[in-house]
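The next block holds one structure in the form of structure tokens; read it before the comments.
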Amino acid sequence: MAEAENKNVYMDWEQFDKPSAKGHTIEHILPQTPRDDYWLKRWTDDERSRYTHDLGNLCLTTDNSSYSNKPFNKKRGEAGASYRCYARGDLVMERDLARYDDWNRESLLERRELMVRWAKSRWGLPADLPASSEGAVASDEIDERVDSDEPVQDDA
58 MAEAENKNVY MDWEQFDKPS AKGHTIEHIL PQTPRDDYWL KRWTDDERSR YTHDLGNLCL
118 TTDNSSYSNK PFNKKRGEAG ASYRCYARGD LVMERDLARY DDWNRESLLE RRELMVRWAK
178 SRWGLPADLP ASSEGAVASD EIDERVDSDE PVQDDA
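Residues in the sequence shown are numbered consecutively from 58, following this note's numbering.
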């Protein structure tokens, strides 16, 4: 998709971290304050409470205001759309969201898993390192496991 849009896909972190980066923020795919029936019919109050700030529901963006509380199909858009949408986003992370037909619990959990696997691979973390607080490993144990020259043993 990035090539189809002919956009630069690399962005330095400094572009997000400087005071002039107004608008460069975190997008909540499932909005923090959903009003549209799209969200209200697909997500219960409990699910919205649990998943709104979940890693799988968050995305870096250069223009958060353009997404707002719109339904997912409007946020997703398509490559030829004349308005700002995920499919035409500045970041690969935004454009990757366009592959989802619907934004529901299953989509969010699938995306979370992909992000966690990528992070573990990118930073050389053990594959068996828990992705959630369930069965979490203490931070000093993570440091020991990551810094160790010994292979990580499966506890199973």
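Ideal Cβ placement from N, Cα and C applies to all residues, glycine included.
What you are looking at is a predicted structure, and each value in this text was computed from that prediction instead of being measured.
Within a Cβ cutoff of 8 Å, which residues of the same chain sit near residue i, ignoring the five residues on either side of it in sequence?
i	result
N126	P88, T90, P91, R92, D93 and W96
M172	L112 and G113
E167	G113
Please go through the same chain and pick out, in chain order, the residues whose beta-carbon is closer than 7 Å to the beta-carbon of residue i, but skip the five residues on each side of it.
i	result
G192	Since pLDDT at G192 reaches only 45, below the 50 mark, its modelled position is unreliable, and the value read off the structure follows with that caveat. Cβ neighbours of G192 beyond the five flanking positions: none.
M150	C116 and L117
A138	A144 and R145
Quick one: using the 10 Å Cβ neighbour count with 16 as the cut-off for buried, is residue i buried or exposed?
i	result
H225	Shown here, the chain extends from 58 to 213; a query on residue 225 therefore has no answer.
G146	buried
T118	buried
R174	exposed
Y108	buried
D140	Sequence check: residue 140 is Tyr here, not Asp. Y140 is exposed by the Cβ-count criterion.
H110	exposed
E170	exposed
R179	exposed
Identify the continuous beta strand (DSSP E) that holds residue i and give its terminal residues.
i	result
E84	T82 to H85
L115	L115 to T118
From this set, the options, which residue's C-alpha is nearest residue i's C-alpha?
i	options	result
F129	A136, N121 and C142	C142
A136	T119, R156, D120 and S106	R156
K98	E170, S106 and N161	N161
S122	D102, T82 and V149	T82
E104	R133, E163 and D153	E163
L154	E170, A138, R133 and R169	R133
L148	S106, C116 and L186	C116
W100	E151, E170 and D159	D159
Leaving out the 5 sequence neighbours to the left and right, which residues in its chain are closer than 6 Å to residue i when beta-carbon positions are compared?
i	result
G181	none
Starting from residue i, trace the alpha helix (DSSP H) both ways and give me its first and last residue.
i	result
R92	That residue, R92, is in no alpha helix (DSSP H); it is neither H nor E in DSSP.
D111	D111 -> no alpha helix (DSSP H), and no H or E assigned at all.
Runs of 4 residues minimum, wholly inside the region 119-200: which ones carry the alpha helix (DSSP H) assignment? Annotation: the region 119-200 contains the following complete segments of the alpha helix (DSSP H) (minimum length 4 residues), in chain order: 129-133, 149-153 and 162-179.
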